[in-house]
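Q: In our numbering, the protein residues as written are 48 to 239. Before anything else, here's the structure in question.
Put into structure tokens, the structure is as follows:
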């Protein structure tokens with residue numbers, strides 16, 4: 048899915064904070080944005096099945112790996128939204144929607160464009176970066192202690208808005224792994 052593929056209809060199914068959701072017109076405008084390449088160390092990273100369309104203000108993640116009919120797509124999004132609202136780690140304006148494209152329904156979400164922490168290292172003062180790292184640790188451990196879940200520790204999975212608030216960018220949330228991946232990430236981070 049990219050800006051070259053026509054979307055016939057969009058159905059907004061909800062936002063993390065229902066008062067801050069992104070409207071259908073903004074979604075339609077962002078759909079016409081540039082398809083972005085995912086690459087390690089670049090602005091947009093992720094799994095090969097994830098596709099990104101972005102403009103200067105918003106980012107759409109197309110979840111094309113999920114192949115459901117319209118009814119099951121709605122149900123899937125409702126379950127995800129319920130969890131994301133409870134966890135409170137994503138940007139409150141994150142909005143889930145379906146896009147009808149030819150003969151299929153595609154699941155997607157849109158968020159305000161944030162500065163990913165792996166890119167912030169190049170542009171933020173060291174004290175600001177340390178503050179964001181402390182906030183990342185707080186979010187990570189709070190989610191683990193409260194919900195027995197694990198956020199993906201990679202810096203590319205966390206982003207900062209213009210007001211300096213930190214949010215989790217990844218859609219994937221994992222079962223708590225007793226610090227296994229955190230220890231690995233810290234070990235490889237300090238070794239390099």
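No residue lacks a Cβ here, since even glycine has one placed at the ideal position from N, Cα and C. Since the model is a prediction, treat every value here as computed from it, not as a measurement.
#1: With distance defined between alpha-carbon atoms, name the residue in 117, 122, 134, 78 nearest to residue 218.
#2: So for residue 69, helix, strand or coil by DSSP?
#3: I'd like to know if residue 172 contacts chain C, where contact means its C-beta is closer than 9 Å to some C-beta of that chain.
#4: Going by DSSP in three states, residue 222 sits in which element: helix, strand or coil?
#5: Where residue 266 and residue 202 are concerned, what is the direct C-alpha to C-alpha distance, given to the nearest angstrom?
#6: Between the alpha carbons of residue 75 and residue 159, how many angstroms are there, rounded?
#7: Using a threshold of 9 Å, state whether the C-beta atoms of residue 57 and residue 109 are closer than that.
#8: If you count every other CB in all the chains shown that lies within 10 Å of the CB of residue 51, and 16 or more means buried, which is it?
#9: Classify residue 239 as buried or exposed, calling it buried when 16 or more other Cβ atoms lie within 10 Å of its own Cβ.
#10: Considering only the beta carbon of each residue, do residue 63 and residue 131 sit closer than 9 Å?
A: Short version:
#1: 134
#2: The answer is coil: DSSP assigns residue 69 none of H, G, I, E or B.
#3: Checking the listed chains, one finds no chain C in this structure; it contains a single protein chain.
#4: strand
#5: In the structure as shown, the chain starts at 48 and stops at 239, and residue 266 therefore has no counterpart that could be examined.
#6: 14 Å
#7: no
#8: With a pLDDT of only 49 at residue 51, under 50, the local geometry of the prediction cannot be trusted, and no value is derived from it.
#9: For residue 239, the predicted model reports a pLDDT of 42, less than 50, meaning its position is unreliable; a value from the coordinates is still stated below. Looking at its Cβ environment, which holds fewer than 16 other Cβ atoms inside 10 Å, residue 239 is exposed.
#10: Contact: yes.
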